[in-house]
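Chains as they are written, first to last, in the UniProt record's numbering: chain H, 1 to 405; chain R, 1 to 405; chain X, 1 to 405; chain Z, 1 to 405.
4 protein chains.
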Amino acid sequence: MPVDLTYDTSVTDLVDKTSAFVREHVLPVENEFHGDVTAAGGDDLRRRLNDAAREAGVFAPHAPVEFGGLGLTMSDRAPVFEAAGYSTFGPVALHIGAPDEGNVHMLAHIADDRQRTLYLEPLARGIVRSAFAMTEPSPGAGSDPDALRTQAVKVDGGWKINGDKRFITGADGAGFFIIMARTAGSPGDRGGATMFLAPADTPGITVQRHIHTTDKAMIGGHCEVSFRDVFVPDEDILGEVDEGYRYAQVRLGPARMTHVMRWMGSAVRCQDVAVEYVAQREGFGGKLADLGMIQQMIADNEIDLAAARALLIRACHELDAGRHASNETSIAKTFAAEAYLRIVDRSIQMCGGLGVSEDLPLARLQAELRPFRIYDGPSEVHRWAIARRTVGRWRKAQQAKGAGA
Amino acid sequence: MPVDLTYDTSVTDLVDKTSAFVREHVLPVENEFHGDVTAAGGDDLRRRLNDAAREAGVFAPHAPVEFGGLGLTMSDRAPVFEAAGYSTFGPVALHIGAPDEGNVHMLAHIADDRQRTLYLEPLARGIVRSAFAMTEPSPGAGSDPDALRTQAVKVDGGWKINGDKRFITGADGAGFFIIMARTAGSPGDRGGATMFLAPADTPGITVQRHIHTTDKAMIGGHCEVSFRDVFVPDEDILGEVDEGYRYAQVRLGPARMTHVMRWMGSAVRCQDVAVEYVAQREGFGGKLADLGMIQQMIADNEIDLAAARALLIRACHELDAGRHASNETSIAKTFAAEAYLRIVDRSIQMCGGLGVSEDLPLARLQAELRPFRIYDGPSEVHRWAIARRTVGRWRKAQQAKGAGA
Amino acid sequence: MPVDLTYDTSVTDLVDKTSAFVREHVLPVENEFHGDVTAAGGDDLRRRLNDAAREAGVFAPHAPVEFGGLGLTMSDRAPVFEAAGYSTFGPVALHIGAPDEGNVHMLAHIADDRQRTLYLEPLARGIVRSAFAMTEPSPGAGSDPDALRTQAVKVDGGWKINGDKRFITGADGAGFFIIMARTAGSPGDRGGATMFLAPADTPGITVQRHIHTTDKAMIGGHCEVSFRDVFVPDEDILGEVDEGYRYAQVRLGPARMTHVMRWMGSAVRCQDVAVEYVAQREGFGGKLADLGMIQQMIADNEIDLAAARALLIRACHELDAGRHASNETSIAKTFAAEAYLRIVDRSIQMCGGLGVSEDLPLARLQAELRPFRIYDGPSEVHRWAIARRTVGRWRKAQQAKGAGA
Amino acid sequence: MPVDLTYDTSVTDLVDKTSAFVREHVLPVENEFHGDVTAAGGDDLRRRLNDAAREAGVFAPHAPVEFGGLGLTMSDRAPVFEAAGYSTFGPVALHIGAPDEGNVHMLAHIADDRQRTLYLEPLARGIVRSAFAMTEPSPGAGSDPDALRTQAVKVDGGWKINGDKRFITGADGAGFFIIMARTAGSPGDRGGATMFLAPADTPGITVQRHIHTTDKAMIGGHCEVSFRDVFVPDEDILGEVDEGYRYAQVRLGPARMTHVMRWMGSAVRCQDVAVEYVAQREGFGGKLADLGMIQQMIADNEIDLAAARALLIRACHELDAGRHASNETSIAKTFAAEAYLRIVDRSIQMCGGLGVSEDLPLARLQAELRPFRIYDGPSEVHRWAIARRTVGRWRKAQQAKGAGA
């Protein structure tokens with residue numbers, strides 16, 4: 001049987017358990033604090049919810065089994081992360097939020113034994129959090145990673161790192177950093193980057209400030225971090241020198257898809273809130289849900305959810321098959337980010353004045369979702385990459401024809 | 001010369017003065033308090049800014065000249081209000097915000113001499129604020145005004161009003177209310193409403209709570225207000241008994257258009273912020289402003305601004321000519337509200353991560369603008385009305401043909 | 001391994017063979033006759049192309065193996081039909097066009113042995129064509145099938161059918177008709193329809209005229225057909241009396257999806273034509289393919305193709321699992337029809353003046369694709385159905401909660 | 001009174017006369033020949049309709065009064081041309097189609113007395129047609145006019161022109177050509193173009209072929225024309241040598257706007273056809289016009305029409321005031337072209353299966369309108385220009401600030 005989209009019952013059971021856990025333990029806290037994870041307790045809240053998740057058997061479904069996780073494939077993560085994402089605090093509770101989830105994924109692929117023990121294990125078990133320090137203030141590495149300016153210079157026994165990073169998610173309170181720094185070439189060059197592991201208390205690492213963005217559910221915020229003469233010993237190089245861009249790719253595709261999974265849950269919730277509202281609210285001689293323009297919004301939400309999910313499944317399949325899947329993840333990410341914003345916007349519109357009020361969670365979900373069209377590559381950068389690949393395929397096919405002639 | 005879109009120099013001068021005033025006196029306060037007018041001082045701030053506006057000669061450009069205003073037509077208000085709206089605090093500063101501006105407009109048309117002295121003059125001069133109590137919680141009057149449930153019962157020397165109102169802008173701190181109540185018929189009937197004037201300290205009027213919405217620039221918030229056995233003497237009936245819906249129309253068209261004017265200013269500001277950003281920021285081997293996808297967003301913003309302005313001018317022309325212009329104002333409002341949201345969204349996207357941060361005003365302008373697609377009639381209700389009028393015109397034309405045959 | 005989207009090599013081989021066949025034998029004819037299948041020879045052309053397809057081993061991939069087909073599942077049909085649809089004449093060549101393909105599918109499910117021999121076999125083998133007579137002129141069954149007006153009255157040994165049908169694809173030249181007629185209830189009622197088989201030369205069946213639509217690739221056109229006292233013996237009832245709507249559902253879901261498959265091929269071709277153009281054409285100091293706005297169109301085409309394909313696969317999976325999948329097929333059909341029109345429109349735009357000319361096939365592909373947003377249920381009807389199901393699920397969940405309490 | 005959008009009664013009377021004329025004399029012919037002006041008689045038809053238009057007093061409303069026209073301003077042309085455009089043959093009938101109308105406009109501004117007599121007068125009076133030979137096949141002047149490759153070389157007493165032109169509207173049967181050729185600089189340079197007048201029978205001018213596009217209402221088609229050693233005497237230079245680009249601008253803005261005007265009529269007609277259909281057609285328990293999703297389409301058509309008209313009026317006002325108005329005409333053209341396509345598409349959708357059939361004119365109006373998003377500059381080129389101007393304004397403002405500091 002060639003094509004099969006059926007999940008194993010072990011997965012569907014986990015989805016059900018996750019949904020129940022989120023509704024019972026997570027949503028009430030999120031609603032009480034209007035989705036502001038810092039106001040709700042930050043790391044204290046995280047540890048409390050992590051304990052509850054462990055007890056419920058839903059903790060760290062992505063992490064390696066040897067470190068207490070459930071070792072799910074990307075395909076199987078999809079519905080579970082979606083169920084967790086129904087609350088914006090769900091990813092924190094299950095320890096599957098950015099950037100930790102992506103860092104666990106990457107470390108599991110690249111870290112050596114010593115690094116697994118020192119960095120991966122405490123991270124996977126939720127003992128510490130982590131940060132991934134790649135993006136920089138202008139004119140450094142932002143949408144265009146080749147612009148990387150942070151420098152690592154070889155010194156005796158290790159490297160000395162200098163540079164500034166921006167939008168470093170989870171930096172405030174992280175146990176360690178994965179730092180991307182240039183070890184060869186100049187800003188603008190392809191290649192020449194290396195990844196370094198560094199405990200947060202390494203001298204020279206300073207969290208300068210939080211950039212206050214509209215999303216409020218990521219612990220440790222989005223920070224500006226400076227690195228001044230930060231010494232990293234050779235054994236804390238992650239993988240090989242100058243291979244940082246390649247490793248970033250290992251992390252990037254899956255991390256993009258888990259964003260899609262988590263925020264899918266929020267999008268589903270928006271639709272649930274709106275459907276509940278219009279199914280009950282009277283107006284114009286009936287229920288709002290019976291009005292054509294409302295039905296159009298309900299249906300468009302369903303179509304957007306279905307398409308986002310279908311593209312996600314395709315991309316996960318490719319990743320599970322061991323392929324890079326840059327194109328599939330770009331497509332799924334771009335579509336999903338835009339679809340979610342359409343969904344939350346329609347949901348607000350269906351709920352009228354209450355839709356823009358704190359009486360419903362929709363307005364803050366809009367604020368939470370808006371950055372996703374920018375984070376992990378703005379839609380425009382993904383479209384640019386998708387188009388270049390498309391034209392590249394045509395060029396190759398032309399050359400093949402030419403060679404065959 | 002039949003068609004002329006040139007403004008008088010008296011108007012363009014006022015626009016320039018208003019712009020200068022807003023940039024010097026208003027924007028700094030708005031930015032300091034991140035657009036939260038309550039945090040910035042509420043009515044204290046308002047009085048301070050009103051004084052500054054009077055001194056600058058830009059106060060109350062819409063109000064009757066006899067009460068210290070500049071008596072502008074709707075057409076001439078357009079560019080002035082736009083200039084004021086460049087800051088979300090601008091309308092408060094010039095005393096041209098909702099609902100006061102619309103209430104001044106309506107009272108100037110309908111109030112008798114006594115009411116002009118007691119209610120209109122202090123309102124026009126900015127001595128008090130006011131509220132317009134029409135919309136109700138479900139299943140009362142919301143998008144569908146015929147559902148009006150608040151009751152006024154005739155008693156000796158006046159009327160006794162009972163009911164609940166919701167989303168009453170500016171209620172908290174208002175000097176008086178204009179209350180829409182049913183004096184004939186049942187909820188669902190066309191007609192049968194009357195407008196009553198009542199000082200805010202009239203026994204039985206209680207501001208129950210603020211509905212916390214995403215917009216933060218209207219003084220006095222959006223409130224739930226209850227009316228319990230509120231006595232209004234006969235002389236405080238505004239206009240005629242049972243003519244409330246007709247008067248609401250007098251208020252509605254212009255009030256819709258001044259919303260369009262004010263928020264036009266915010267939309268222009270979004271574009272200004274984004275253009276300034278992409279014109280300077282480097283990326284992908286040049287300025288962001290030189291990238292095609294960025295240019296598309298810049299151009300689409302310009303097109304949206306131009307179209308919104310052109311529709312606004314058309315509607316103002318109709319209103320100034322003494323016509324109801326329900327269709328023209330519906331079209332202009334619907335288009336503008338949606339255009340502004342596209343504009344702010346594109347502007348955010350152009351600014352990348354900073355776009356969703358407090359470093360730029362865009363994210364909070366999005367929150368400020370989002371409700372406009374719902375306030376003053378959601379787009380769906382306007383579209384429904386526009387469609388019905390279109391089909392109605394066809395039906396009439398058919399009947400005329402039939403009659404002519 | 002729970003989720004698997006890999007096709008069997010038998011399928012990918014067939015896709016390759018189909019592509020090669022279409023490019024060699026079908027595209028040249030289509031291009032010569034500008035996509036007008038009647039001008040290209042109609043049934044003569046069909047027979048010629050069918051022979052070629054048999055020889056190439058790609059004929060009737062959907063038909064039962066016992067009748068010379070390849071017996072593919074819905075999932076496996078998807079890429080094969082897409083390859084065929086790369087030319088608008090491909091479906092005719094492979095004998096997988098509407099309505100024959102859907103009729104084969106339905107007859108294989110419902111016909112009794114006698115009917116299999118008399119109707120299904122000659123149809124499956126391409127000896128005759130067929131028509132499915134369901135839709136009617138206003139006020140009969142159109143988007144709303146319950147409005148069915150064609151009547152079948154019981155007479156001795158069979159039924160007598162009277163009524164008018166419209167948009168009956170392939171009627172002109174069909175070997176037999178499947179006629180949907182009301183055997184119980186009144187127009188507007190759910191249920192009460194029966195399916196009848198009738199040779200085209202049955203007295204009383206008349207093809208009145210062709211409705212000339214913008215699509216030109218379906219043999220036998222879209223016709224108005226009248227039925228006047230058409231006698232059908234009892235043994236030519238397809239399935240059970242009064243079960244017509246249920247059987248129509250059996251046909252509908254798969255037939256919708258094969259439309260999506262076939263026109264996917266046309267959409268891919270549009271993108272191919274446009275990419276080839278912009279990759280070569282100079283302008284504004286480089287290739288058009290290097291301009292941001294062009295890249296956006298290329299990328300959006302890729303995203304639309306990927307999403308349509310992903311939704312199609314999901315729906316096929318459901319159908320292959322034996323489920324009705326009304327919702328999945330509605331979603332896939334609605335999304336795909338709209339996506340294809342966006343794709344062809346962008347492709348035209350990328351090619352500038354040539355895009356709207358006969359020098360390229362794009363303009364006629366637009367004309368060919370436009371009806372799909374209407375055929376097989378306009379988008380609006382699907383959205384209405386999707387919305388009702390969504391609200392229905394919510395209502396059921398509410399009742400379940402209520403029952404559980 | 002600063003802003004006035006009221007038309008003079010002389011204009012509204014002319015609009016009424018034009019509408020009556022079009023419905024009586026023009027629409028029946030258009031419908032009979034399904035909008036194909038060549039099939040309907042080409043220049044024979046044109047002469048016949050021109051005579052009828054003269055008799056009805058509606059001929060050449062734009063042409064100078066001295067040559068028998070009505071000498072309308074751009075603002076006043078707008079509603080008249082719209083009324084004419086209600087039929088796709090209307091512009092031919094009134095002699096206000098492209099390219100003649102734009103050529104009259106340009107010649108009236110630039111031609112010297114001799115040229116007025118020899119070229120302008122017979123053209124304005126409808127005795128001959130004309131063509132404007134600017135655009136070239138790739139890699140020549142298309143969307144990017146600087147790429148001009150056709151060369152004019154100075155010879156004794158005049159110039160010798162060599163080059164190939166493409167998409168030359170009306171070339172087949174034109175009485176004379178206005179030829180844009182390079183007299184200085186190289187392809188890619190700004191400037192260096194000159195305009196030449198040449199009778200169509202000048203040796204060396206050959207209409208090579210028609211490019212068959214989806215629009216069928218322009219007489220003389222869109223042709224490829226070759227110029228081989230075409231001699232033009234000095235006195236047939238239009239204006240000054242090397243000033244061709246500047247003159248093209250004189251022609252371009254107004255010509256763009258008259259396109260908008262004419263096709264506005266077609267868009268209005270689409271909406272009329274659709275409204276008439278849905279107001280009468282039954283379905284889903286009522287008239288289609290009472291369904292929310294249909295109402296949304298009707299309303300969106302109204303909004304698009306109103307916005308296109310409002311932008312047009314703004315641009316005409318600027319042109320009448322003697323300004324270049326490149327930005328205003330770009331905005332109006334871009335918005336209108338896209339709006340018209342949305343309108344015709346929604347109109348088709350409202351009419352279901354008949355919408356894509358020849359029973360209604362909608363499908364061919366879609367084919368007629370589609371090129372407008374490409375002709376006279378594709379939307380992408382206009383957006384690029386609009387964006388550059390926007391950023392340019394910001395840069396200038398910055399420099400002004402810098403200079404002032």
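From the three backbone atoms N, C-alpha and C, an ideal C-beta is built for every residue, glycine too. Since we're looking at a predicted model, the values are computed, not measured.
Item, Value
"CB contact check: Ile237(X) to chain R, cutoff 9 angstroms", "no"
"Selected residue, minimal CA-CA separation from residue 424(X), among Ala111(X), Thr334(X) and His317(X)", "Within the shown structure, residues of chain X are numbered from 1 to 405, placing residue 424(X) beyond reach of any answer."
"Extent of the continuous beta strand (DSSP E) run through Cys223(Z)", "His222 to Pro233"
"Chain-ordered residues of the stretch 255 to 282 of chain H with a beta carbon less than 8 angstroms from chain R", "Arg281 and Glu282"
"Leu107(R) (DSSP reduced to helix, strand or coil)", "helix"
"Check whether Asp242(X) and Ala198(X) have beta carbons under 9 angstroms apart", "no"
"Within 8 angstroms of chain Z by C-beta, residues of the stretch 364 to 375 of chain X in sequence order", "Gln366, Ala367, Arg370, Pro371, Arg373, Ile374 and Tyr375"
"Best match in Asp36(R), Val273(R) and Pro254(R) for proximity to Leu319(R) [C-alpha to C-alpha]", "Pro254(R)"
"Own chain residues within Cβ distance below 8 angstroms of Ala363(H), not counting five before or after", "Ile348, Gly355, Val356 and Ser357"
"Paired residues, beta bridge with Leu319(Z) - DSSP", "Answer is none; Leu319(Z) lacks a bridge partner."
"Any C-beta of chain R under 9 angstroms from that of Asp189(H)", "no"
"CB contact check: Ser379(Z) to chain X, cutoff 9 angstroms", "yes"
"Own chain partners of Glu224(Z) with C-beta closer than 6 angstroms, once the 5 adjacent residues on each side are dropped", "Arg166, Gln208 and Arg209"
"Distance between beta carbons of Arg114(X) and Gly173(X), contact taken as under 8 angstroms", "Not quite, the Cβ-Cβ distance comes to about 24 angstroms (not below 8 angstroms), so this is no contact."
"Within chain R, partners of Ser138(H) - CB distance below 7 angstroms", "Arg281 and Glu282"
"Chain-ordered neighbours of residue 421(X) on chain H, where CB pairs are closer than 9 angstroms", "In the structure displayed, chain X extends from 1 to 405; residue 421(X) sits before or after that span and is not available."
"Proximal residues to Arg389(H) (C-beta, below 6 angstroms), its chain only, five neighbours per side dropped", "Asn327"
"Among Val92(X), Asn301(X), Glu101(X) and Ile374(X), nearest to Met74(X) - alpha-carbon criterion", "Glu101(X)"
"Pairwise C-alpha distance: Trp384(R) and Ser266(R)", "27 angstroms"
"Between the CA atoms of Ala56(Z) and His62(Z) - distance to the nearest angstrom", "16 angstroms"
"Supposed close pair Gly204(Z), Val232(Z) - CB separation, criterion 8 angstroms", "About 10 angstroms separates the two Cβ atoms, so there is no contact after all."
"Integer Cβ distance of Val104(H) from Leu118(H), believed to fall under 8 angstroms", "14 angstroms between Cβ atoms; not a contact."
"Residues near Gly69(H) in its chain [Cβ-Cβ closer than 7 angstroms; skip 5 each side]", "Ala60, Pro61, His62, Ala63 and Ala124"
"Neighbouring residues, chain R, relative to Val391(Z) (Cβ below 8 angstroms)", "Val275, Val278, Ala279, Ala289 and Ile298"
"Beta-carbon gap between Val250(Z) and His109(Z) smaller than 9 angstroms", "yes"
"Proximity to Cys270(H) [Cα-Cα], best of Ser138(H), Trp159(H), Ile96(H) and Gln366(H)", "Gln366(H)"
"Whole alpha helix (DSSP H) elements within the stretch 273 to 346 of chain R, 4-residue minimum", "292 to 320"
"For Val22(X), the first and last residue of its enclosing alpha helix (DSSP H)", "Careful: Val22(X) lies outside any alpha helix (DSSP H) and carries neither H nor E."
"Straight-line gap, Thr329(X) to Asp13(H) (C-alpha atoms, nearest Å)", "27 angstroms"
"Burial state of Glu32(H), where buried means 16 or more other Cβ atoms lie within 10 Å", "exposed"
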